[in-house]
Amino acid sequence: MAEQKLKIAITGSIGSGKTLFASFIEEIGFTVIDADKISKELLGKDEKIKKEITKAFGAGSYVNGKPNLKYLAENVFSSMENVQKINAILHPVVIDRIEKKMDEELKKRRVVFVEAALIYEADMEDLFDYVVLVTADEDLRMARKKESKKISEEEFIKRSNNQIPDSEKRKRADFTFDNNATEAELKGKANLLLMMLHTNAVKK
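As numbered in this note's numbering, residues 557 to 760 make up the sequence shown, in order.
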């Protein structure tokens with residue numbers, strides 16, 4: 557009997573710790589495809605996308621041919637309409653790239669992970685066998701982002717408002733891991749997930 561291949565998404569709201577959770581998975585030797593990295597690569601290298609972004613958000617979107625991420629963040633998160641605009645440009649290409657990368661990885665291994673903030677917002681959940689949600693209290697998430705990226709409370713709120721609330725994500729996720737304590741505790745939860753996958757304790 558052929559071994560089951562698994563595609564697993566890791567998601568979470570801004571400041572939840574999903575990237576840290578994904579890094580623990582990667583440390584053990586699993587492949588984690590970074591959707592944000594793919595998006596940034598496409599923003600910088602795909603000429604069609606660059607033209608569409610410039611048309612949608614203005615000449616300030618690029619400086620010397622490179623994406624002006626600060627400018628884009630300020631303009632994109634200023635309204636839901638702008639979020640939808642950039643999503644319409646980027647998401648179809650990002651999703652196609654992710655699917656190809658997953659298929660490529662699954663030729664060599666049994667499990668592949670994808671870290672992506674907008675699994676539900678981009679209607680990507682059906683691409684995966686399981687979705688893992690990392691959550692944390694809002695005050696803690698805000699403090700983490702202000703400390704790591706020095707974004708203001710206003711910027712945090714704008715970005716949070718453009719994501720589906722955790723209360724809704726919890727209903728849809730296959731696994732939910734709270735990240736309100738230490739990094740060591742979160743690492744233990746990553747190991748628990750891998751243990752369940754290894755022993756085939758997770759079934760659909």
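Backbone N, C-alpha and C define an ideal beta-carbon position, used for all residues, glycine too.
Being a predicted model, the structure only gives us computed values, none of them experimental.
Which stretch, first to last residue, makes up the beta strand (DSSP E) that contains F731? Within the sequence shown, numbered from 1, the residue matching residue 731 stands at position 175. Per DSSP, F731 belongs to the beta strand (DSSP E) from 731-734.
So, I713 versus L646, is the Cβ gap smaller than 9 Å? Residue mapping note: residue 713 aligns to position 157 of the sequence shown, counting from 1. Residue mapping note: residue 646 aligns to position 90 of the sequence shown, counting from 1. Not a contact, by the Cβ cut-off of 9 Å.
Residues in the same chain with beta-carbon distance under 6 Å from L674, minus the five sequence neighbours each way, listed in chain order, please. In the sequence shown, residue 674 corresponds to position 118, counting from 1. Answer for L674: no residue qualifies.
Within its chain, find whatever has a CB closer than 8 Å to the CB of T567; leave out the 5 residues flanking it on each side and keep chain order. Working through the sequence shown from its first residue, we reach residue 567 at position 11. Taken in chain order, the residues that qualify are K574, E671, A672, A673, L674, I675, Y676, V687, V688, L689, V690, K725, A729.
Inspect the beta-carbon positions of I609 and K657 and report whether they are closer than 9 Å. Along the sequence shown, one-based indexing puts residue 609 at 53. Along the sequence shown, one-based indexing puts residue 657 at 101. Cβ atoms of I609 and K657: not closer than 9 Å.
Check A757 in the structure and name its three-state DSSP category. Start at 1 with the first residue of the sequence shown, and residue 757 comes out as number 201. Residue confidence for A757 is low, a pLDDT of 42 falling below 50, so the modelled location carries little weight; the figure read from the coordinates is stated next. A757: coil per DSSP, three-state reduction.
Could you tell me the alpha carbon to alpha carbon distance between D734 and D693, rounded to whole angstroms? The sequence position of residue 734 within the sequence shown is 178, counting from 1. The sequence position of residue 693 within the sequence shown is 137, counting from 1. Going by the C-alpha atoms only, they are around 9 Å apart.
I'd like to check one pair, L749 with F731: are the Cβ atoms closer than 9 Å? Residue 731 sits at position 175 when you count from the first residue of the sequence shown. Residue 749 sits at position 193 when you count from the first residue of the sequence shown. Yes; because the gap between Cβ atoms is below 9 Å, this pair is in contact.
Given R715 as reference, the closest of K727, G744, V639 once Cα atoms are compared: Locating residue 715 in the sequence shown gives position 159, where the first residue counts as 1. Closest option to R715, Cα to Cα, is V639.
V668 and L753 look like a contact to me (Cβ under 8 Å); what is the Cβ gap, rounded to whole Å? The residue given as residue 668 occupies position 112 in the sequence shown. The residue given as residue 753 occupies position 197 in the sequence shown. Rounded, the Cβ-Cβ distance is 12 Å, inconsistent with contact.
Cutting at 7 Å between CB atoms, please list the residues of its own chain near T628, excluding the five before and the five after it. Here residue 628 refers to the residue found at position 72 when the sequence shown is read from its first residue. Note on residue identity: the sequence assigns Leu, not Thr, to residue 628. The answer, listed in chain order, is F613, S617.
Taking 7 Å as the limit between beta carbons, can you name the residues of its chain near A746, skipping five residues before and five after? Within the sequence shown, the letter at position 190 stands for residue 746. Around A746: F577, F580, I581.
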